[in-house]
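Numbering (the UniProt record's numbering), first residue to last: 1 to 419. C-beta: ideal position from N, C-alpha, C; glycine also.
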Amino acid sequence: MQLFTIGVNHTTAPIAIRENVAFNNDSLPQALVDLARHNVAEVAILSTCNRTEIYVQSIRPEIVIDWLASYHQIDASQILPYTYTLSSHEAVKHAFRVASGLDSMVLGEAQILGQFKQSVKIAQDVGTLGTMLHKLFQRTFEVAKEVRTNTDIGGSSISMAAAAVKLAQRIFGDLSSQSVLFIGAGEMIELCADHFAAQKPRKITVANRTLERGEQLAEKIRGQGLNVQAILLNDLPERFHEFDIVITSTASQLPLVGLGMVERAIRTRKHRPMFMVDLAVPRDIEPEVAALDDVFLYTVDDLAQVVSEGLGNRQEAAVNAELIVNARVEHFMQWLKQREAVPTIKALRDQVDNVRKAELEKSLKLLQKGETPEKVLEQLSNALSNKFLHGPSHALNNTEGDAHAHMAHLVKQLFQIKE
Numbered sequence: 001m002q003l004f005t006i007g008v009n010h011t012t013a014p015i016a017i018r019e020n021v022a023f024n025n026d027s028l029p030q031a032l033v034d035l036a037r038h039n040v041a042e043v044a045i046l047s048t049c050n051r052t053e054i055y056v057q058s059i060r061p062e063i064v065i066d067w068l069a070s071y072h073q074i075d076a077s078q079i080l081p082y083t084y085t086l087s088s089h090e091a092v093k094h095a096f097r098v099a100s101g102l103d104s105m106v107l108g109e110a111q112i113l114g115q116f117k118q119s120v121k122i123a124q125d126v127g128t129l130g131t132m133l134h135k136l137f138q139r140t141f142e143v144a145k146e147v148r149t150n151t152d153i154g155g156s157s158i159s160m161a162a163a164a165v166k167l168a169q170r171i172f173g174d175l176s177s178q179s180v181l182f183i184g185a186g187e188m189i190e191l192c193a194d195h196f197a198a199q200k201p202r203k204i205t206v207a208n209r210t211l212e213r214g215e216q217l218a219e220k221i222r223g224q225g226l227n228v229q230a231i232l233l234n235d236l237p238e239r240f241h242e243f244d245i246v247i248t249s250t251a252s253q254l255p256l257v258g259l260g261m262v263e264r265a266i267r268t269r270k271h272r273p274m275f276m277v278d279l280a281v282p283r284d285i286e287p288e289v290a291a292l293d294d295v296f297l298y299t300v301d302d303l304a305q306v307v308s309e310g311l312g313n314r315q316e317a318a319v320n321a322e323l324i325v326n327a328r329v330e331h332f333m334q335w336l337k338q339r340e341a342v343p344t345i346k347a348l349r350d351q352v353d354n355v356r357k358a359e360l361e362k363s364l365k366l367l368q369k370g371e372t373p374e375k376v377l378e379q380l381s382n383a384l385s386n387k388f389l390h391g392p393s394h395a396l397n398n399t400e401g402d403a404h405a406h407m408a409h410l411v412k413q414l415f416q417i418k419e
């Protein structure tokens, strides 16, 4: 039985393949139990939108690939070109890198660690984890914690939405008392809304050309327990002063927010600052607005610089993270080698114990016959010495050349013989 990782991820397989071999948490327990019946000693399955990976102790990895195809009712030839199979050292290193965010589509993202822990918990609950995988995942999560504690792998913003939140926090600090306006309801605004909603702002407003599309996005955000409403773009001039944070991204060919609108809003706000991010190209906010004293306006180029800096920081942190991972892999492999020696050690101890019992029984019989204890002890010690040394002596006497030199070296090591 060996340790294997068999899987597909965002770098090896398109989404059309990944979705065909994915598992949800509801189906995972039964899948684990089913795979465990196929000559597999231990198994855990990690399945996210970007990867499906099976961590297993098995004789052959082909067993797992065939099972995966059969379980999802597809031909193995359809997935084989996209799968990777890692064994032993590489499988351990891969687990450590995945949990640390080093193998993620977004370098350093933290979500994968929670998903990994959930997958392991499911495997533990259904009883498909054994000593090896339990130890592997215990070390995996320790390494991930060490990486995040001792490097800045997750500390810098590397998406436009995350960068916008970070810049807003520089100005307002805690965003829970701020009112946020999103202009538009497309994909970029939706992504930004997810990030800002996570900060639990006091109020969120979605302004869109059509109320129906704006209300759809508002309803989605509202599901997170926030105060959200949708308005029309035509309502902006009268409402603009209400908002502390403005994020805009539309397909408009002309600016939607003019200098005059912002000047009026600032006066009504009694010069309380406004933070604005214009992610549109062409721009939604007139560039002259940036000159106003109480407005902090950022364009897509400004955020791109923040993202670039963040990615650079993460890439630097990733170098240190890889060093941590490599060192911890060696530690784990040492434990694995020690574990592999356990059967041999047990067999050796059993053999020695059998010799001890046999010689002890002979000695007890001699004592019962009236032999003196001194003579019995002398015979016992000589018998034990001869029995224990017979194997090494025989091996030395029956090897020649390099084999003899190697055997002699081993014997000296085993018995700690000094030159």
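With distance defined between alpha-carbon atoms, name the residue in the options nearest to residue i.
{"i": "glutamine 162", "options": "Ser381, Asp66, Ala327, Gln305", "result": "Inspection of the sequence shows that residue 162 is occupied by alanine rather than by glutamine. Here the closest residue by C-alpha is Gln305."}
{"i": "tryptophan 335", "options": "Gln138, Thr83, Ser363, Phe240", "result": "Gln138"}
{"i": "asparagine 20", "options": "Phe4, Arg51, Asp26", "result": "Arg51"}
{"i": "lysine 270", "options": "Glu242, Thr11, Ser27, Arg148", "result": "Glu242"}
{"i": "valine 277", "options": "Asp66, Leu102, Asn39, Leu167", "result": "Leu167"}
{"i": "glutamine 124", "options": "Tyr55, Asn354, Asp244", "result": "Tyr55"}
{"i": "glycine 7", "options": "His72, Leu68, Ala291", "result": "Leu68"}
{"i": "serine 156", "options": "Ala317, Leu3, Ile231", "result": "Ala317"}
{"i": "alanine 95", "options": "Gln78, Ile122, Ala144, Ser70", "result": "Ala144"}
{"i": "arginine 60", "options": "Asn326, Cys49, Asn39, Leu389", "result": "Asn39"}
{"i": "asparagine 227", "options": "Arg267, Gln178, Gln253", "result": "Gln178"}
{"i": "glycine 127", "options": "Lys220, Ala358, Ala36, Ala13", "result": "Ala36"}
{"i": "alanine 197", "options": "Ile171, Ala185, Val165, Phe172", "result": "Val165"}
{"i": "isoleucine 231", "options": "Glu212, Arg222, Asp244", "result": "Glu212"}
{"i": "glutamine 2", "options": "Ile63, Asn9, Thr48", "result": "Ile63"}
By Cβ distance below 8 angstroms, which residues in the same chain neighbour residue i in space, the five residues on each side in sequence not counted?
{"i": "leucine 256", "result": "Ile183, Leu233, Leu236, Thr248, Thr250, Asp284, Ile285"}
{"i": "glycine 130", "result": "Ala41, Glu42, Gln57"}
{"i": "methionine 160", "result": "Met188, Leu191, Cys192, Leu279, Val300, Leu303, Ala304, Val307"}
{"i": "arginine 222", "result": "Val228"}
DSSP state of residue i, grouped into three classes?
{"i": "leucine 181", "result": "strand"}
{"i": "glutamine 73", "result": "coil"}
{"i": "leucine 279", "result": "coil"}
{"i": "methionine 261", "result": "helix"}
{"i": "isoleucine 153", "result": "coil"}
{"i": "asparagine 313", "result": "helix"}
{"i": "alanine 318", "result": "helix"}
{"i": "lysine 203", "result": "strand"}
{"i": "threonine 299", "result": "strand"}
{"i": "asparagine 227", "result": "coil"}
{"i": "isoleucine 171", "result": "helix"}
{"i": "glutamine 253", "result": "coil"}
{"i": "leucine 410", "result": "helix"}
{"i": "asparagine 208", "result": "strand"}
{"i": "methionine 188", "result": "helix"}
{"i": "isoleucine 221", "result": "helix"}
{"i": "glutamine 368", "result": "helix"}
{"i": "glutamine 2", "result": "strand"}
{"i": "leucine 323", "result": "helix"}
{"i": "threonine 268", "result": "helix"}
{"i": "threonine 399", "result": "coil"}
{"i": "isoleucine 247", "result": "strand"}
Let me confirm a value: residue i is counted as buried when at least 16 other C-beta atoms fall within 10 Å, else exposed. Which label applies?
{"i": "glutamine 30", "result": "exposed"}
{"i": "methionine 132", "result": "buried"}
{"i": "leucine 360", "result": "exposed"}
{"i": "arginine 18", "result": "buried"}
{"i": "leucine 32", "result": "buried"}
{"i": "methionine 105", "result": "exposed"}
{"i": "serine 393", "result": "exposed"}
{"i": "serine 87", "result": "exposed"}
{"i": "arginine 97", "result": "buried"}
{"i": "leucine 46", "result": "buried"}
{"i": "alanine 312", "result": "Before going on, a small fix: residue 312 reads as glycine here, not alanine. Glycine 312 comes out exposed."}
{"i": "arginine 314", "result": "buried"}
{"i": "histidine 409", "result": "exposed"}
{"i": "alanine 44", "result": "buried"}
{"i": "isoleucine 324", "result": "buried"}
{"i": "serine 70", "result": "exposed"}
For residue i, which residues of its own chain have a beta-carbon under 6 angstroms away from its beta-carbon, when the five flanking residues on both sides are left out?
{"i": "lysine 200", "result": "Ser176"}
{"i": "arginine 264", "result": "none"}
{"i": "proline 273", "result": "Asp294"}
{"i": "valine 92", "result": "Val329, Phe332"}
{"i": "isoleucine 245", "result": "Ala168, Gln178, Val180, Phe275"}
{"i": "alanine 383", "result": "Glu359"}
Ignore the nearest five residues each way along the sequence and tell me which others in residue i's own chain have a CB closer than 7 angstroms to its CB.
{"i": "threonine 399", "result": "Met407"}
{"i": "arginine 148", "result": "Gly154"}
{"i": "glutamine 229", "result": "Thr205, Ala218"}
{"i": "histidine 89", "result": "Val329, Met333"}
{"i": "valine 321", "result": "Reading off the sequence, residue 321 comes out as alanine, not valine. Within the same chain, alanine 321 has close Cβ partners Ser100, Leu102, Val147, Thr151, Ile153."}
Using only the heavy atoms of the ligand FMN, determine whether one of them is closer than 7 angstroms to the beta carbon of residue i.
{"i": "tyrosine 82", "result": "In terms of ligand content, the structure shown is empty, and the ligand FMN therefore cannot be addressed."}
- Message: Which complete alpha helix (DSSP H) runs does the UniProt domain "Glutamyl-tRNA reductase N-terminal" (6-151) hold, if anything under 4 residues is left out?
- Response: Fully enclosed alpha helix (DSSP H) runs of 4 or longer: 15-18, 28-36, 62-71, 76-79, 88-99, 111-126, 131-150.
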